[in-house]
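Just below is one structure, and these are the notes that go with it.
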Amino acid sequence: MAALLEVSDVTVRFGGLIAVNEVSLRVGAGEICALIGPNGAGKTTLFNAIAGYVPLNAGRILLRGTPIQDLAPHRIAAGGVRRTFQNGGLFGHLTALENVLVGLHTQVDSAFFGIVLGSRRSGVAEATASGHARKLLDLMDLGDIADQPAHALSGGQQRMVEIVRALATDPPLLLLDEPAVGLAPPMREQLGGVIRNLARERGIGILLIEHAIELVMSISDRVIVLNYGRKVADGSPDEVRADRSVLEAYLGHA
Ligand SMILES: Nc1ncnc2c1ncn2[C@@H]1O[C@H](COP(=O)(O)OP(=O)(O)OP(=O)(O)O)[C@@H](O)[C@H]1O
Ligand SMILES: [Mg+2]
């Protein structure tokens with residue numbers, strides 16, 4: 395059976411710089427695959443390539459066996475690849491609920507875009523979407539802050555709302571770019587539990603970029619290490635921890 399996500403020999407260049415160099419990886423349904431490596435290793439660029447934000451110079455990206463590398467970002471999102479952004483992507487002046495609604499609107503078909511046109515039918519769609527978004531926030535224990543503007547939320551709450559927004563359409567694949575950045579350790583643990591449940595209970599495939607190494611090692615099924623755009627290790631957390639090339643990647647020597 396085709397993997398949920400299959401990245402084959404992907405290369406991305408920015409002028410003379412090879413940001414991602416012949417990288418291959420697979421993520422299965424319900425699997426947590428971490429992508430780690432030093433700053434500038436090419437992790438976010440690989441996310442951008444998967445999500446359709448940067449073109450590939452070589453290689454293929456398949457979602458359930460179907461090539462997606464030539465599709466526009468909104469088509470890839472509609473196909474079930476949702477993401478969060480390294481620097482946070484909430485609209486600060488919108489409420490948590492409205493931010494989750496944005497996640498629904500950017501994906502769901504044109505019936506929802508009727509909302510913008512203000513048709514009566516779309517009024518019903520809006521109410522349905524709003525109820526759905528509120529339920530999702532409730533499920534993540536964020537019901538109390540649903541009507542607060544995003545800028546007034548704590549860093550941890552903002553990260554969670556971002557994840558809820560990415561999840562709003564029940565995507566099979568989730569790309570999380572440093573979701574734990576800036577979170578205190580207890581909040582990190584809570585986030586780890588949420589990510590693990592998404593994979594274990596909902597069968598979502600997760601590709602996780604994260605520098606919080608203890609979080610990565612505790613929840614991931616597989617860890618892939620990038621260095622200067624190249625994959626230098628790929629294995630279980632224990633295998634990767636013991637891998638010499640990983641030490642070299644992080645410390646610059648063996
Ligand atoms: N749009 C761009 N144009 C030119 N160079 C870029 C662009 N985006 C990224 N780069 C370069 O590509 C390389 C990889 O960057 P990338 O952001 O993918 O690294 P990263 O592994 O996500 O790092 P970090 O851990 O700091 O987030 C870096 O040298 C970066 O400067
Ligand atoms: Mg990055």
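The numbering of the sequence shown is the working numbering, which starts it at 395 and goes up by one.
Backbone N, C-alpha and C fix where the C-beta goes; we use that ideal spot for every residue, glycine too.
Since the model is a prediction, treat every value here as computed from it, not as a measurement.
Inset, instruction - Going by DSSP, name the residue or residues bridged to F408. - result: Residue 408 sits at position 14 when you count from the first residue of the sequence shown. In DSSP, F408 forms a bridge with L411.
Inset, instruction - Give the C-beta separation of A560 and R477 to the nearest angstrom, bearing in mind that I take them to be a contact with Cβ-Cβ under 8 Å. - result: Sequence index remark: in the sequence shown, residue 560 carries index 166 (1-based). Sequence index remark: in the sequence shown, residue 477 carries index 83 (1-based). Rounded to the nearest angstrom, the Cβ distance from A560 to R477 is 6 Å, consistent with a contact under 8 Å.
Inset, instruction - Leaving out five residues on either side along the sequence, give the residues of the same chain with a beta carbon under 8 Å from the beta carbon of F485. - result: Stepping through the sequence shown from its first residue, residue 485 is reached at position 91. Closer than 8 Å at Cβ, skipping near neighbours: E492, N493, V496, A544.
Inset, instruction - Thinking R594 and C427 are a contact (beta carbons under 8 Å), I'd like their distance in whole angstroms, please. - result: Translated into the one-based positions of the sequence shown, residue 594 becomes position 200. Translated into the one-based positions of the sequence shown, residue 427 becomes position 33. The pair is not a contact, with the Cβ atoms about 14 Å apart (cut-off 8 Å).
Inset, instruction - Please list, in chain order, all residues with a C-beta atom less than 7 Å from at least one heavy atom of ligand 2. - result: K437, T438, Q480, D571, E572, I603
Legend entry - First through last residue of the alpha helix (DSSP H) which encompasses L440: Within the sequence shown, the letter at position 46 stands for residue 440. Run containing L440: 437-444, per the alpha helix (DSSP H) assignment.
Legend entry - Per-residue burial, E608 [other beta carbons within 10 Å of its own, 16 or more giving buried]: Here residue 608 corresponds to residue number 214 of the sequence shown, with the count starting at 1. Its Cβ having fewer than 16 others within 10 Å, E608 is exposed.
Inset, instruction - Per DSSP, which residues does I430 bridge with? Please list them. - result: Taking the sequence shown and counting its residues from 1, the one referred to as residue 430 is at position 36. Paired residue(s): V619.
Inset, instruction - Answer with buried or exposed for S614, where buried requires no fewer than 16 other C-beta atoms within 10 angstroms of its C-beta. - result: Here residue 614 refers to the residue found at position 220 when the sequence shown is read from its first residue. When all chains shown are included, S614 counts as buried.
Legend entry - Any C-beta of chain C under 8 Å from that of L569: Of the chains in the structure shown, none is chain C; there is only one protein chain.
Inset, instruction - List the endpoints of the continuous alpha helix (DSSP H) containing D632. - result: Counting from 1 along the sequence shown, the entry for residue 632 is found at position 238. Its alpha helix (DSSP H) spans residues 631-635.
Legend entry - 8 Å Cβ cutoff met for V421 and L450: If you number the sequence shown from 1, residue 421 lands on position 27. If you number the sequence shown from 1, residue 450 lands on position 56. For V421 and L450, no; Cβs fall outside 8 Å.
Inset, instruction - With a 10 Å radius around its C-beta and 16 neighbouring C-beta atoms as the bar for buried, classify E572 as buried or exposed. - result: What you label residue 572 is simply residue 178 of the sequence shown in a count that begins at 1. E572 is buried by the Cβ-count criterion.
Legend entry - G486 beta carbon near ligand 1 (any heavy atom closer than 7 Å): To locate residue 486, count along the sequence shown from 1; it is residue 92. Remark: the C-beta of G486 is outside contact range of ligand 1, defined as less than 7 Å to any heavy atom.
Inset, instruction - Return the bridge partner residues of T489 from the DSSP annotation. - result: Counted from its first residue, the sequence shown places residue 489 at position 95. In the DSSP output, where bridge partners are listed per residue, T489 has P543.
Inset, instruction - Label A546 either buried or exposed according to how many other C-beta atoms from any shown protein chain fall within 10 Å of its C-beta, with 16 as the threshold for buried. - result: Here the question's residue 546 lines up with position 152 in the sequence shown. Classification of A546: exposed, given that the 10 Å Cβ count is below 16.
Inset, instruction - Identify, in the order they occur along the chain, each residue of the same chain with its Cβ nearer than 7 Å to the Cβ of G586, setting aside the five sequence neighbours on each side. - result: Indexing the sequence shown from 1 puts residue 586 at position 192. So the qualifying residues of the chain are L609, S612, I613.
Inset, instruction - Report the three-state DSSP secondary structure of T478 (helix, strand or coil). - result: Taking the sequence shown and counting its residues from 1, the one referred to as residue 478 is at position 84. If DSSP states are grouped into helix, strand and coil, T478 belongs with coil.
Legend entry - Neighbour-count burial assignment, N415, 16 or more Cβ in a 10 Å radius: Counted from its first residue, the sequence shown places residue 415 at position 21. So N415 counts as buried.
Inset, instruction - Would you kindly report the start and end of the unbroken beta strand (DSSP E) that includes R454? - result: Here residue 454 is taken as the residue at index 60 of the sequence shown, counted from 1. Per DSSP, R454 belongs to the beta strand (DSSP E) from 452-457.
Inset, instruction - List the endpoints of the continuous alpha helix (DSSP H) containing G422. - result: Stepping through the sequence shown from its first residue, residue 422 is reached at position 28. No alpha helix (DSSP H) holds G422; DSSP gives it neither H nor E.
Legend entry - Start and end residues, beta strand (DSSP E) containing I603: The residue given as residue 603 occupies position 209 in the sequence shown. Start and end: 599-603.
Inset, instruction - Would you tell me roughly how many angstroms separate the C-alpha atoms of G576 and M554, rounded to the nearest one? - result: Mapped onto the sequence shown, residue 576 falls at position 182. Mapped onto the sequence shown, residue 554 falls at position 160. When rounded, the distance between both Cα atoms is 13 Å.
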